[in-house]
Amino acid sequence: MDVNVKLFGDLREGRFEQQITHLEENSRVIDVIKKHNLPLDKVAICLVNSNNVEFEQVLQNGDTVAFSPPVGGM
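Numbering (our numbering), first residue to last: 6 to 79.
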């Protein structure tokens, strides 16, 4: 299956902004993190199709997965 992976903030450094990634059926969000060697301690926000999810969320073909590091503000 294919999912669209988007990276934000520092997670993009040395990687990509957006990319289609091929995964095995029944792959989870954590599998995407591992496949792209994302530092687990830097992934603070994880969205699948704009919904906040846990790392164990099972993905479906065509899903959009977005990862963001911690964000600060005023």
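Even for Gly, the Cβ is constructed at its ideal location relative to N, Cα and C.
Burial state of residue 34 is buried, judged by a 10 Å Cβ sphere holding 16 or more other Cβ atoms. Shown here, residue 64 sits in coil according to DSSP, grouped into three states, outside any helix or strand. For residue 39 against residue 16, the beta-carbon gap comes to about 14 Å, at or over 8 Å, which does not count as contact.
The C-beta of residue 37 has 16 or more other C-beta atoms within 10 Å across all chains shown, which makes the residue buried.
For residue 10, the uninterrupted beta strand (DSSP E) run begins and ends at 7-12, by DSSP.
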